[in-house]
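A quick write-up on the structure given underneath.
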Amino acid sequence: MIDELRRLREEALDAFASARDVGELERLRVRYLGRKEGLVSGVLRRLGSLTPEERPSVGAAANRARKLLAEALQDRLSEVTAARPATERALDLTLPPRRKWRGTIHPVSQVIDDIWRIFQSLGFARARGPEVDTEWYNFVALNTPLDHPAADEQDTLYLAPGLLLRSHTSPVQIRTMERYPPPIRILAPGMVYRRDTYDATHTPAFAQIEGLVVDEGVTFVDFKATLAEFARRFWGPGTQVRFRPSFFPFTEPSAEVDVKRVIVREDGREEETDWIEIMGAGMVDPAVLDNVGYDSERYTGWAFGMGPARVAMLRHGVRDLRLFYENDMRFLGQFT
Ligand code: PHE
5 MIDELRRLRE EALDAFASAR DVGELERLRV RYLGRKEGLV SGVLRRLGSL TPEERPSVGA
65 AANRARKLLA EALQDRLSEV TAARPATERA LDLTLPPRRK WRGTIHPVSQ VIDDIWRIFQ
125 SLGFARARGP EVDTEWYNFV ALNTPLDHPA ADEQDTLYLA PGLLLRSHTS PVQIRTMERY
185 PPPIRILAPG MVYRRDTYDA THTPAFAQIE GLVVDEGVTF VDFKATLAEF ARRFWGPGTQ
245 VRFRPSFFPF TEPSAEVDVK RVIVREDGRE EETDWIEIMG AGMVDPAVLD NVGYDSERYT
305 GWAFGMGPAR VAMLRHGVRD LRLFYENDMR FLGQFT
């Protein structure tokens with residue numbers, strides 16, 4: 005048995021020396037030094053079969069072998085871990101992975117981008133205007149006298165007399181038409197501001213997207229067809245569009261545009277949604293064209309204003325608008 009122990013010791017030392025990593029050394033520890041199945045323990049367990057005279061010396065030899073091997077293993081373990089680069093040494097493979105936070109595009113910006121891509125392919129250009137604007141651009145040029153109730157409805161935040169945070173993106177219509185002659189085909193996304201309470205469906209600052217088309221011979225048919233085409237491309241071919249009569253001072257006639265979408269339920273069946281209002285729109289009022297110096301006898305046009313946060317709520321089934329604006333990464337990080 006002494007010979008057996010000696011062989012075991014040599015074999016184990018060789019194996020330790022050629023082991024290359026922690027995992028291999030751990031397997032060797034179990035093989036030679038494990039309490040239950042280990043080979044050294046195996047020898048100790050057989051001490052009972054020896055004569056009482058032989059037992060102490062074999063037992064002592066086995067314990068020495070165990071101690072020696074444990075030390076050799078520890079030494080080799082230090083060598084193997086020291087040989088690895090520092091970063092790898094600190095690696096604990098049992099920890100859950102830490103994924104790098106790269107950031108995502110805000111869900112409302114994603115909607116704006118998707119809407120933009122559709123109108124871009126229909127020949128629209130992108131336009132922008134200032135968020136701080138004058139009463140002229142925000143109201144008066146848009147055929148909205150300051151004492152008109154529509155000006156109250158969009159009661160905005162004044163920075164100085166006559167100077168305000170725009171309450172809609174429609175001033176971009178005026179600014180664009182002042183600078184460029186027809187034909188006009190623009191999409192103008194941007195932030196707008198109103199004195200609204202902060203609740204599940206209102207925020208005092210929100211995004212809007214304005215669309216404007218002005219040219220010779222533009223009719224209500226172009227208006228309806230373009231918006232229906234947009235809706236089908238955005239929500240799918242089964243989408244229906246409805247134009248409800250409405251009022252805006254800068255369009256005549258005016259409409260609220262509703263969509264009825266087809267959604268695929270979890271069980272695979274298709275279902276029609278209720279009608280949902282997505283935008284205000286209409287044929288550009290001739291008075292607005294006159295205000296920018298266009299010949300309203302020659303040119304006609306149509307326009308719309310849409311809330312992309314509303315669209316994002318529909319898209320993701322989000323019930324509270326405020327979630328989009330509270331900058332909680334646990335929420336925003338889900339829209340990759
Ligand atoms: N500016 C209107 C609003 O904010 C929306 C609109 C835009 C309506 C263009 C008609 C045409 O309520």
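Numbered by our numbering, the letters in the sequence shown go through residues 5 to 340 in order.
Idealized CB from N, CA, C, for every residue including glycine.
Since this is a predicted model, take the numbers as computed values, not measurements.
Can you list, in chain order, the residues of its chain with a C-beta nearer than 8 Å to that of residue i? Leave out the 5 residues immediately preceding and following it.
| i | result |
| --- | --- |
| P324 | Position check: residue 324 holds Asp in this sequence, whereas Pro was assumed. Closer than 8 Å at the Cβ level, and outside the excluded window around D324, lie A204. |
| L12 | Y36, L43, V44, V47 and A69 |
| A74 | L37 |
| H172 | N142, Q158, V196, Q212, E214 and G309 |
| V112 | A211, P312, A313, A316 and F328 |
| G240 | R265 and V266 |
| I280 | D262, V263, K264, R265 and L318 |
| A76 | A16, L17 and F20 |
| V26 | L81, V84 and T85 |
| R302 | E220 |
| R24 | V84 |
Candidates the options: which alpha carbon is nearest residue i's?
| i | options | result |
| --- | --- | --- |
| V261 | G272, K40, R269 and P249 | P249 |
| F247 | V268, V225 and R237 | V225 |
| F251 | R80, F308, Y141 and L81 | F308 |
| V136 | I6, Q114, L146 and G166 | G166 |
| F238 | P56, Q114 and R80 | Q114 |
| V315 | L191, D118 and S258 | D118 |
| M283 | W306, N295 and D294 | W306 |
| S174 | D151, G52 and A192 | A192 |
| E14 | L97, Q338 and L72 | L72 |
| T230 | S125, L146 and E182 | S125 |
| W120 | G194, M181 and R49 | G194 |
| G297 | L169, E58 and P185 | P185 |
| I116 | R106, L169, P56 and F234 | F234 |
| L146 | D332, T160 and V176 | V176 |
| R39 | E58, N67 and A23 | N67 |
| R236 | R103, R59, S22 and I122 | I122 |
| L168 | E276, V34, M333 and T138 | T138 |
| F128 | L216, T160, H320 and V34 | L216 |
| V292 | V144, H110 and P100 | V144 |
| H320 | R103, N331 and Q338 | Q338 |
Excluding sequence positions up to five away, which residues of its chain have a Cβ less than 6 Å from the Cβ of residue i?
| i | result |
| --- | --- |
| T148 | A154, A155 and P253 |
| V268 | E274 |
| T304 | V222 |
| H206 | D200 |
| L336 | none |
| S258 | S250, F251, F252 and G286 |
| T340 | T108 |
| D79 | none |
Spell out the partners DSSP gives residue i in its beta bridges.
| i | result |
| --- | --- |
| G194 | Q212 |
| R309 | Per the sequence presented here, residue 309 reads as Gly, with Arg not at that position. Looking at the DSSP assignment, G309 forms a beta bridge with E214 and G284. |
| D206 | Residue identity differs from the one stated: residue 206 is His in this sequence, not Asp. Bridge partners of H206: D203. |
| Y303 | E220 |
| T255 | F252 and V288 |
| K264 | Q244 and W279 |
| R189 | V217 |
| R130 | L191 |
| E274 | V268 |
With a CB to CB cut of under 7 Å and the five nearest residues on each side skipped, what residues in its chain are close to residue i?
| i | result |
| --- | --- |
| P290 | S300 |
| A65 | I6 and L9 |
| V62 | M5, I6, L51 and L54 |
| T294 | The question names Thr, but residue 294 is Asp in the sequence shown. Counting only Cβ-Cβ distances below 7 Å, and skipping sequence neighbours, we find S300. |
Compute the beta-carbon to beta-carbon distance between residue i and residue j, rounded to the nearest angstrom, for a pair I have assumed lies under 8 Å.
| i | j | result |
| --- | --- | --- |
| G208 | R199 | Sequence check: residue 208 is Pro here, not Gly. Yes, they are in contact, since the Cβ atoms of P208 and R199 sit about 7 Å apart, within 8 Å. |
| L32 | L81 | That belief does not hold up - the Cβ atoms of L32 and L81 are roughly 10 Å apart, past 8 Å. |
| T243 | M287 | No, T243 and M287 are not in contact; Cβ-Cβ is about 22 Å, not under 8 Å. |
| R183 | G133 | 10 Å between Cβ atoms; not a contact. |
| V2 | A232 | As shown, the chain starts at 5 and ends at 340. That puts residue 2 outside it, with no answer to give. |
| Y162 | R326 | The pair is not a contact, with the Cβ atoms about 25 Å apart (cut-off 8 Å). |
| I190 | A131 | 4 Å |
(request) Ignoring anything shorter than 4 residues or poking outside the stretch 136-179, list the alpha helix (DSSP H) runs there in chain order. (result) Positions of the alpha helix (DSSP H) runs, each at least 4 residues long and wholly inside the stretch 136-179, are given as 139-142 and 153-157 in order along the chain.
(request) Just list the alpha helix (DSSP H) runs in the stretch 314-338, keeping only unbroken ones of 4 residues or longer that don't cross its boundaries, in chain order. (result) With a minimum length of 4 residues, the continuous alpha helix (DSSP H) runs that stay inside the stretch 314-338 are 333-336.
(request) Any chance you could list the alpha helix (DSSP H) runs of at least 4 consecutive residues sitting entirely within the stretch 42-101, in chain order? (result) DSSP runs (the alpha helix (DSSP H)) wholly in the stretch 42-101: 43-49, 59-87 and 90-93.
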